[in-house]
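> Numbering (the working numbering), first residue to last: 2 to 513. From the three backbone atoms N, C-alpha and C, an ideal C-beta is built for every residue, glycine too.
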DNA sequence: TTCCGACAGTGGGGTCGCAAT
DNA sequence: ATTGCGACCCCACTATCGGAA
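#1: Decide yes or no for the touch test of the stretch 281-298 against the stretch 252-271: beta carbon pairs closer than 8 Å, at least 3 of them.
#2: Please list, in chain order, all residues of the same chain as residue 125 whose beta carbon is under 7 Å from its beta carbon, the five residues on each side excluded.
#3: Among 251, 248, 183 and 57, whose alpha-carbon lies nearest the alpha-carbon of residue 218?
#4: With DSSP as the reference, label residue 397 as helix, strand or coil.
#5: Identify which residue in 310, 307 and 243 has its Cα closest to the Cα of residue 280.
#6: Quick check on this structure: which residue in 208, 3 and 154 has the alpha carbon closest to the alpha carbon of residue 315?
#7: Closer than 8 Å is the cut-off here; do at least three beta carbon pairs connect the stretch 386-395 with the stretch 490-503?
#8: Determine the DSSP secondary structure at residue 177, reduced to helix, strand or coil.
#9: Could you spell out where the beta strand (DSSP E) holding residue 379 opens and where it closes?
#10: Return the chain-ordered list of same chain residues with a C-beta closer than 7 Å to the C-beta of residue 45, the five sequence neighbours on each side being excluded.
#11: Within 10 Å of its beta-carbon, does residue 371 have 16 or more other beta-carbons around it, so buried, or fewer, so exposed?
#12: Please state whether DSSP places residue 470 in a helix, a strand or coil.
#13: Buried or exposed for residue 458, please, with buried defined as at least 16 other CB atoms from any protein chain shown within 10 angstroms of its CB.
#14: Which first and last residues belong to the alpha helix (DSSP H) in which residue 245 is found?
#15: Keeping to the same chain, check which residues put their C-beta closer than 7 Å to that of residue 340; ignore five residues upstream and five downstream.
#16: Measuring alpha carbon to alpha carbon, tell me which residue in 159, 484, 406 and 196 is nearest residue 348.
#17: Span of the beta strand (DSSP E) holding residue 297?
#18: In chain order, what residues of the same chain lie with their CB nearer than 7 Å to the CB of residue 171, ignoring the 5 residues before and after it?
#19: Which class does residue 160 belong to by DSSP, given the choice of helix, strand or coil?
#20: Is the beta carbon of residue 255 less than 7 Å from the beta carbon of residue 221?
#21: With DSSP as the reference, identify every bridge partner of residue 225, one or two as the case may be.
#22: Is residue 291 near the ligand HEM, judged by its Cβ being under 6 Å from some heavy atom?
#23: Could you spell out the range, first to last residue, of the beta strand (DSSP E) harbouring residue 230?
#24: On a CA-only basis, which of 67, 231, 334 and 368 is nearest residue 114? Give me that one, please.
#25: Starting from residue 69, trace the beta strand (DSSP E) both ways and give me its first and last residue.
#26: CB-CB under 7 Å to residue 227, same chain, minus the five flanking residues each way: which ones, in chain order?
#27: By a C-beta neighbour count over all protein chains shown, 10 Å radius and 16 as the cutoff for buried, is residue 165 buried or exposed?
#28: In or out: residue 150 buried (at least 16 other Cβ within 10 Å) or exposed?
#29: Using only alpha-carbon positions, find the residue among 90, 248 and 41 that is nearest to residue 56.
#30: Starting from the C-beta of residue 193, find all residues in its chain whose C-beta is less than 6 Å away, skip the five residues before and the five after it, and write them out in chain order.
#31: Give the straight-line distance between the Cα atoms of residue 443 and residue 404, rounded to the nearest whole angstrom.
#32: Pick helix, strand or coil for residue 170, following the three-state DSSP scheme.
#33: What span of residues does the beta strand (DSSP E) with residue 200 cover, start to end?
#34: Between which two residues does the alpha helix (DSSP H) holding residue 421 run?
#35: Nearest CA to the CA of residue 368: which residue from 265, 509 and 318?
#36: According to DSSP, is residue 405 helix, strand or coil?
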């Protein structure tokens with residue numbers, strides 16, 4: 002199959018907003034693909050490269066290359082050349098990769114170049130990623146879409162399932178079962194604004210402490226242990242403590258879900274930055290492990306002794322977990338039977354925060370483990386802080402925000418009467434707010450910078466954030482974590498905005 | 001007919017590690 | 001040695017479609 006066909010379909014998919022039409026277009030293309038094209042066509046149309054990482058980014062791709070007049074590239078040829086490109090490493094490799102990319106781009110038409118660029122940078126923006134591709138695949142093969150989706154979650158990969166399905170038909174789905182050693186996409190949580198709201202929605206539930214670490218899925222098969230992240234990357238070699246911990250547990254074949262986190266000598270959690278730095282260290286793991294030892298804290302069991310627990314209610318999965326994992330290696334929790342237990346749940350949240358954790362996750366007791374989905378049966382509750390800050394500049398948006406000033410630079414007042422930038426945000430604004438702020442900020446503009454505008458520091462905005470963290474990038478030495486706009490405060494003057502001093506006083510645990 | 005779950009899009013900061021300077 | 005870049009951790013929120021209620 003020619004690449005140009007994919008580029009055309011991708012453009013058509015992007016042009017329609019109806020999800021049903023997107024699915025129909027993808028299904029038609031999947032049906033036309035030859036068996037050998039399948040492992041390439043499916044991920045390409047889901048907006049992803051089968052190679053994952055290439056070591057090529059914007060810097061290399063932003064160099065313009067004259068396009069070819071007529072299409073000639075086939076999808077298989079493109080895939081083969083990208084695979085080769087990904088293997089190039091060593092001195093001079095960056096230049097060599099850039100050369101190979103340029104060569105490939107030179108053989109592509111303008112339309113194909115756009116499509117390849119989107120694929121490599123992960124920004125296809127056609128309004129259809131894995132989930133829509135799964136529907137298209139189901140339509141193309143006549144397999145029920147829930148079954149296809151489940152197989153993808155269990156395989157942890159769309160293209161594996163696609164190839165099996167298009168080669169052997171719907172019966173191939175039976176092959177995808179939960180297997181020790183093969184990671185499953187983890188279940189995710191929604192957000193609730195309070196414990197009251199969460200318990201109101203879920204009824205009988207477990208309230209569990211939420212640790213600010215790295216999500217891990219631990220597989221043990223006898224003496225062999227493998228550890229996977231949320232995106233199913235294998236990080237076993239970076240966490241020798243976890244392998245030892247898993248080998249000490251009573252079972253010999255299991256899959257557990259949990260969090261890995263670093264504690265200090267007093268048992269309080271260390272900052273997320275410290276845990277993440279440790280888990281990210283790959284070169285000298287032994288030294289990193291001595292400096293920042295980490296511990297696993299489990300909260301779910303997906304498989305024990307070859308028994309698939311995914312469809313069991315949480316109560317039963319947790320009973321299996323408790324049988325296998327002793328107390329300190331399990332997340333603390335309180336079980337409540339409904340709104341009448343609210344005081345106990347509130348008390349548990351308060352204690353959890355005092356112990357230095359992020360918040361709680363409220364989980365329905367009868368819900369199954371919905372792999373890969375942001376199911377409504379897990380609700381996280383975290384305290385939210387707010388500040389009144391002043392807008393210092395704004396950047397032009399991309400995609401559907403093209404032409405709108407989108408990303409705001411936020412400043413707090415300093416002792417000398419000026420403003421110190423604390424970070425940026427593009428979150429929380431409605432389309433109406435985007436339109437309004439674009440006009441308002443243009444009025445306040447003092448300089449057009451190309452990427453946006455700098456403005457007179459007069460517009461006050463209320464910002465919600467999850468906490469402070471240390472920063473080497475911003476002048477106050479701190480930055481806001483997950484800042485988002487709550488509302489504009491036109492009733493406030495910039496002199497009434499919050500100061501760096503009060504911000505630091507509110508977070509004594511963070512020393513810039 | 002209205003409501004709501006699922007999805008895609010729009011990007012944020014930090015850290016590590018490799019390659020280039 | 002330092003800097004730039006890519007990959008991968010953490011993540012919030014809004015708009016929209018289309019099936020459920």
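So, to answer that:
#1: Short answer: they touch.
#2: Excluding the 5 residues flanking it on each side, residue 125 has same chain C-beta neighbours closer than 7 Å at 11, 48 and 119, in chain order.
#3: Of 251, 248, 183 and 57, the residue nearest in Cα terms is 183.
#4: It is a strand residue.
#5: When only C-alpha atoms are compared, the closest one is 243.
#6: The option with the nearest alpha carbon to residue 315 is 208.
#7: When C-beta atoms of the stretch 386-395 are compared with those of the stretch 490-503, three or more pairs fall below 8 Å, so the two segments count as touching.
#8: Three-state DSSP puts residue 177 in coil, outside helix and strand.
#9: 379-382 is the extent of the beta strand (DSSP E) around residue 379.
#10: Cβ within range, chain order: 7, 76 and 120.
#11: Residue 371 should be labelled buried.
#12: If DSSP states are grouped into helix, strand and coil, residue 470 belongs with the strands.
#13: Result: buried.
#14: Looking at the DSSP string, the run of the alpha helix (DSSP H) that includes residue 245 is 241-249.
#15: Excluding residues within five positions, the ones whose Cβ falls inside 7 Å are 200 and 201.
#16: Of 159, 484, 406 and 196, the residue nearest in Cα terms is 196.
#17: Run containing residue 297: 295-305, per the beta strand (DSSP E) assignment.
#18: 142, 143 and 144.
#19: Helix at residue 160.
#20: Contact flag set, yes.
#21: DSSP output for residue 225 lists 222 as bridge partner(s).
#22: Ligands are entirely absent from the displayed structure, and the ligand HEM is therefore not among its contents.
#23: Segment: none, residue 230 is in no beta strand (DSSP E) and carries neither H nor E.
#24: Of 67, 231, 334 and 368, the residue nearest in Cα terms is 67.
#25: Per DSSP, residue 69 is not a residue of any beta strand (DSSP E), being assigned neither H nor E.
#26: Within the same chain, and ignoring the five residues on either side of residue 227 in sequence, the residues whose Cβ sits closer than 7 Å to its Cβ are 182, 220, 235 and 237.
#27: Only buried fits residue 165, as 16 or more other CB atoms lie within 10 angstroms of its CB.
#28: Buried.
#29: Of the listed residues, the one whose Cα sits closest to residue 56 is 90.
#30: Excluding sequence neighbours, residue 193 sits near 199, 380 and 382.
#31: Spanning the two alpha carbons is a distance of roughly 12 Å.
#32: Shown here, residue 170 sits in coil according to DSSP, grouped into three states, outside any helix or strand.
#33: Not the beta strand (DSSP E): residue 200 falls in the alpha helix (DSSP H), residues 196-203.
#34: Segment 420-426 is the beta strand (DSSP E) holding residue 421; no alpha helix (DSSP H) there.
#35: Considering only alpha carbons, the answer is 318.
#36: Of the three classes helix, strand and coil, the one that applies to residue 405 here is coil, per DSSP.
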